[in-house]
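Here the structure comes first, spelled out in structure tokens, and everything after it is commentary.
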Amino acid sequence: MTGTTSAPSTGARLAAEAVGTFVLVFGVIGTALFAAGFNAGEGGLNVGFQGVALALGLTVVVGAYAFGPVSGGHFNPAVTIGLAVAGRFAWKDVLGYVLAQFVGGIVATTLLLAILSSSKNFEVLWFQSASTGWGVLSPGGYSFVSVLLIEIITTAIFVYVILGVTSSRAAAGFAPLAIGLTLTLLALIAIPVSNASFNPARSLATAIYGGPEALSQVWLTLVAPVIGAIIAGATFSLLFDRTVALSGDAQPVKVSA
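If you want our numbering, it's the position in the sequence shown, counting the first as 1, plus 972.
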């Protein structure tokens, strides 16, 4: 009797990407928006940059452990494209993943709007404050060039880390944790500048309810993360996969404290 192996169907993988992206956007944007009606002194309910960054990292860790075994746990069009450029993901599956991610993100912000609109304190500007961009949409008032650079650089770092911790040489089981911690760190850096996108699905999902200014600027955080991901995907092997031949009696050097 021969054993059989099975893999998740295309439908299951797309569903995992949609639901995972929903969890990511609902968790991160929900954290920011549900606290938006409170000042820092009102019971400490305003979570601030640190709270949003932590929410981003936690949702990625949870999503990756929950849905990663089904779809790989991308939850981000830039990540999907970066992995395809690096040869870690099939190009034929890119479009389906990207569409599923956008759908998941938009459903998340649509439900957030439905929940938030019942609050007496709700203002449409809350969604603008959660959107990404430069000038009035940048928490620190940063310029177009600054936002472009921060999104390219941080997304490239993020994809480098993903490619590194998911390689065959990496310790098994720790990838989601490493990826989530990395995203938390990068968010702490990028939130004051761009409001921390790294993710076109997150950018579009908030911009569609963020008003004309958010919609007019969203193209930047749709494009810049993809540029960063392509740079990382195209250069990872060149930079980090080079090997040297060892003689028969050579042993790896072990570094210990």
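Built from N, CA and C at the ideal position, the CB exists for glycine as well.
query: Helix, strand or coil at Pro1148 according to DSSP, with G and I counted as helix; result: helix
query: Distance between Thr1081 and Gly1044 (C-alpha atoms, nearest Å); result: 23 Å
query: 7 Å Cβ cutoff met for Ala1050 and Leu986; result: no
query: CB-CB length for Gly1076 against Glu989, believed under 8 Å; result: 7 Å
query: Identity of the residue in Gly1182, Gly1059, Gly1035, Ile1001 nearest Leu1109 by Cα; result: Gly1182
query: DSSP state of Lys1092 mapped onto helix, strand, coil; result: coil
query: contact_flag[the region 1185-1197, the region 1088-1108] where n(CB pairs < 8 Å) is 3 or more; result: yes
query: Inter-residue Cα distance where the pair is Pro1194 and Asn1171; result: The question names Pro, but residue 1194 in the sequence shown is Leu. So the alpha carbons of these two residues sit roughly 7 Å apart.
query: Where Ile1001 falls, given that 16 or more other Cβ within 10 Å makes a residue buried; result: buried
query: contact_flag[the region 1082-1100, the region 1155-1164] where n(CB pairs < 8 Å) is 3 or more; result: no
query: Contiguous beta strand (DSSP E) assignments of at least 3 residues, all confined to the region 1017-1103; result: none
query: Distance between beta carbons of Ala1128 and Ile1203, contact taken as under 8 Å; result: 5 Å
query: 7 Å Cβ cutoff, Pro1172 in contact with chain D; result: Checking the listed chains, one finds no chain D in this structure; it contains a single protein chain.
query: 8 Å contact criterion, which Ala1027 and Gly999 should meet: CB distance rounded; result: 5 Å
query: Secondary structure of Tyr1114, DSSP reduced to three states; result: coil
query: As assigned by DSSP and simplified to three states, the class of Ile1276; result: Here the chain comprises residues numbered 973 to 1229, so residue 1276 is not present and cannot be evaluated.
query: Of the residues Ala1004, Phe994, Ala1179, the one placed nearest Leu1088, counting alpha carbons only; result: Ala1004
query: Phe1208 to Phe1130 span [Cα, whole Å]; result: 12 Å
query: Supposed close pair Val995, Val1034 - CB separation, criterion 8 Å; result: 7 Å
query: Nearest residue (CA-CA) to Val1119, options Trp1191, Ala1036, Ala1038; result: Trp1191
query: Neighbour-count burial assignment, Thr1031, 16 or more Cβ in a 10 Å radius; result: buried
query: Residue span of the alpha helix (DSSP H) that contains Phe1230, given as start and end; result: Lying before the first or after the last residue shown, residue 1230 is absent from the chain, which here runs from 973 to 1229.
query: Residues near Leu1158 by beta carbon distance below 8 Å, same chain, minus five either side; result: Thr1126, Ile1129, Phe1130, Ala1168, Phe1170
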